[in-house]
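S.K.: First to last, the sequence lines map onto chains A and B. Numbered by my numbering, the letters in the first sequence go through residues 134 to 324 in order. Numbered by my numbering, the letters in the second sequence go through residues 561 to 792 in order. We put the CB at the ideal spot given by N, CA and C, even for glycine. As the structure is a computational prediction, the values presented were derived from the model and not from experiment.
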Amino acid sequence: MLSYLSLAISCVLVSNIVLTQFLGICPFLGVSKSKKSALGMGLAVMGVTVSSSLITFGLYKLVLAPLEIQYMQTVVYILVIAALVQFVEMLIKKFFPTLYEAFGVYLPLITTNCVVLGVCLNVVNLDYNLLQVLVYSLSVTLGYMLVLFVFSAIREQLERNSVPKAFKGVPIALIAAACMALAFNAFSGII
Amino acid sequence: MKAKEIFKEDIFTKNPIYILMLGMCPSLAITTSIDNALGMTLAVTLVLVLTNLVVSLIRKFIPTEVRLPVYIIIIATFVTCISLLVEAYAYSLYESLGIFLPLITVNCIVLGRAEAFASRNKVGHSVLDGLATGLGFGLGLLSISFVRELLGTGNIVLHNPFANGKEIFNLFGLMGIEEITTKYAINLLTSGTGAFLVFGLLMAAVAAFTNYRNNKKEKSVQVNVKEVSENA
Chain A
134 MLSYLSLAIS CVLVSNIVLT QFLGICPFLG VSKSKKSALG MGLAVMGVTV
184 SSSLITFGLY KLVLAPLEIQ YMQTVVYILV IAALVQFVEM LIKKFFPTLY
234 EAFGVYLPLI TTNCVVLGVC LNVVNLDYNL LQVLVYSLSV TLGYMLVLFV
284 FSAIREQLER NSVPKAFKGV PIALIAAACM ALAFNAFSGI I
Chain B
561 MKAKEIFKED IFTKNPIYIL MLGMCPSLAI TTSIDNALGM TLAVTLVLVL
611 TNLVVSLIRK FIPTEVRLPV YIIIIATFVT CISLLVEAYA YSLYESLGIF
661 LPLITVNCIV LGRAEAFASR NKVGHSVLDG LATGLGFGLG LLSISFVREL
711 LGTGNIVLHN PFANGKEIFN LFGLMGIEEI TTKYAINLLT SGTGAFLVFG
761 LLMAAVAAFT NYRNNKKEKS VQVNVKEVSE NA
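(1) Throw me the rounded Cβ distance for the T274 (chain A) and V218 (chain A) pair, which I believe falls under 8 angstroms.
(2) Any idea which residues DSSP pairs E727 (chain B) with across the strands?
(3) Closest to D595 (chain B) by C-alpha separation, out of B:N774, B:N724, B:N775 and B:Y772, would be which residue?
(4) Please state the DSSP three-state secondary structure of F229 (chain A).
(5) Does the separation of the CB atoms of Q206 (chain A) and T611 (chain B) fall below 9 angstroms?
(6) What is the rounded straight-line gap between the Cα of E625 (chain B) and the Cα of F638 (chain B)?
(7) Does the distance from the C-beta atom of R293 (chain A) to that of A309 (chain A) stay below 9 angstroms?
(8) Counting C-beta neighbours from all protein chains within 10 Å, is the total for R773 (chain B) 16 or more, i.e. buried, or is it exposed?
(9) Taking F769 (chain B) as the reference, which of B:T741, B:E569, B:K562 and B:T573 has the closest Cα?
(10) Using a Cβ-Cβ distance cut-off of 9 angstroms, determine whether Y204 (chain A) contacts chain B.
(11) Going along the chain, which residues of its own chain have a beta-carbon closer than 6 angstroms to the beta-carbon of V766 (chain B), five neighbours each way excluded?
(12) Helix, strand or coil: which one does DSSP assign to G251 (chain A)?
(13) Please classify M581 (chain B): does DSSP put it in a helix, a strand, or coil?
(14) Using 9 angstroms as the limit for Cβ to Cβ distance, is L644 (chain B) near chain A?
(15) Could you give the uninterrupted runs of the alpha helix (DSSP H) lying entirely in the stretch 183-242 of chain A, keeping only those of 4 residues or more?
(16) Quick one: is V215 (chain A) near chain B, going by C-beta distance under 9 angstroms?
(17) Does the beta carbon of S593 (chain B) sit closer than 9 angstroms to a beta carbon anywhere in chain A?
(18) Given a cut-off of 9 angstroms on the beta-carbon distance, is the pair G752 (chain B) and F155 (chain A) in contact?
(19) Give the straight-line distance between the Cα atoms of V145 (chain A) and F317 (chain A), rounded to the nearest whole angstrom.
(20) From the DSSP output, in three-state form, read off I744 (chain B) for me.
(21) Does the CB of G690 (chain B) have a neighbour CB from chain A at under 9 angstroms?
(22) Please report the Cβ distance between A597 (chain B) and S705 (chain B), rounded to the nearest whole angstrom; I am assuming they are in contact, meaning their Cβ atoms lie under 8 angstroms.
(23) What does N255 (chain A) reach in chain B if we use C-beta pairs closer than 9 angstroms?
(24) Determine the direct distance from the alpha carbon of F759 (chain B) to that of L588 (chain B), and round the result to whole angstroms.
(25) On the DSSP letters alone, give me the boundaries of the alpha helix (DSSP H) that K786 (chain B) sits inside.
(26) Taking the beta carbon of P623 (chain B) as the centre, do at least 16 other beta carbons fall within 10 Å, making it buried, or is it exposed?
(27) Could you check which residue in A:L271, A:Y137 and A:G163 has the C-alpha nearest to that of L176 (chain A)?
(28) Checking contacts by CB at 9 angstroms: is L701 (chain B) closer than that to chain A?
(29) Closest Cβ-Cβ distance between G157 (chain A) and chain B: below 9 angstroms?
(30) When the Cβ atoms of the stretch 224-236 of chain A are set against those of the stretch 639-657 of chain B, are three or more pairs found closer than 8 angstroms?
(31) Here's the rule: buried if 16 or more other CB atoms are within 10 angstroms of the residue's CB, otherwise exposed. What is G157 (chain A)?
(32) Mapping DSSP to helix, strand and coil, what is P623 (chain B)?
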């Protein structure tokens, strides 16, 4: 029990997927202009990542490893992720139409989100069992949502301040992300 | 579009990393050393050229509704082939690139060029566009990794990935001042914080340069308009 808790904490804080492993930078800088869209994006990524990591883990253990075709990993995983994103898009369009309008083009772009494929590939390299895969994917995307939310709050404030012309937009956001990464370094002594 | 225009646009005017801001995930993690940046550039350029070639060859036969899954399958296949080749012939590069080699599949640049250019243009131009985009991506990666390696480790050392990581070039070692420069290196720049910092500062520098050039162009256009109206 305690090992799962420490796994969860280390994924959310210590080795945060955005600030330490550098996955998911494109939506991190693209979608984080408002707090609401950041939360929505985080939840969508969480749904896709958890479901796809469980399915791809099952596929790896039951199909790829026994048949010794592990090199087909990339192709199989990306097909599963693309299908799942399409499925989630259809669900959201049917049950939450306003949310679908708000997402716009960013929902299909979750297919090219490095976090989803990164988590699916990591669980194979780290050799987890099924429950650890569930805890890992949930806590990694929770950490992603946390960082995205905090960063969007910072960016909303940066919009109101006067920033030098060359730094407007992405450069000052990257400097803010550097300060965040420095702050998160403090967590490395927890576990 | 002529070949020269394609090259100029993809490398400078619409640089994937600094102007379009696509494919930034590897540009923060891989750029700790120039070796890794060069290896990543090679891999991405190969994937871009091959993907653009195949997509442009079969562009008339792909139905519009399923074009994105088709592109993704083509890209994933080529990434698997190249990743197996890198694992076989350049193992030190395979270890340094780690998870970012299969992650080229979801690199926005590759999918973006297949969708925006290769699906609408002839084979020759598409291949040139793939090459040019890869070079532009490499320019961005190399600029960041040059700063990070020089100031972060105090020295620029190049290794040969095809010969088991043997050292082939040691900048300050040749001058004999290697111990001094590595003692005064800024180790922060090799960490994550340094990645964001260097990237942000370089992007601001590129934006400042672009603004300066646009201002000069505007001023010259204004001067021309004034001259014409005065002479009339």
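M.R.: Judging by the given coordinates:
(1) Not quite, the Cβ-Cβ distance comes to about 14 angstroms (not below 8 angstroms), so this is no contact.
(2) B:H719
(3) B:N724
(4) coil
(5) no
(6) 22 angstroms
(7) no
(8) Counting the other Cβ atoms within 10 Å of the Cβ of R773 (chain B) gives fewer than 16, which makes it exposed.
(9) B:T573 is the residue among B:T741, B:E569, B:K562 and B:T573 whose C-alpha sits nearest the C-alpha of F769 (chain B).
(10) yes
(11) So the list reads Y578, once near-sequence residues are dropped.
(12) helix
(13) coil
(14) yes
(15) 206-228 and 230-236
(16) In the sequence as displayed, the identity of residue 215 (chain A) is Ala instead of Val. A215 (chain A) counts as touching chain B.
(17) False, the Cβ-Cβ gap to chain A never drops below 9 angstroms.
(18) yes
(19) 10 angstroms
(20) The sequence shown places Tyr at residue 744 (chain B), not Ile. Of the three classes helix, strand and coil, the one that applies to Y744 (chain B) here is coil, per DSSP.
(21) no
(22) 4 angstroms
(23) I659
(24) 8 angstroms
(25) Where K786 (chain B) is concerned, the enclosing alpha helix (DSSP H) stretches over G752 to N791.
(26) exposed
(27) A:L271
(28) no
(29) Under the 9 angstroms criterion on CB atoms, G157 (chain A) is classed as interfacial with respect to chain B.
(30) A contact between stretches requires three or more CB pairs, one per stretch, nearer than 8 angstroms, and the stretch 224-236 of chain A fails this requirement with the stretch 639-657 of chain B.
(31) So G157 (chain A) ends up on the buried side.
(32) Coil, per DSSP.
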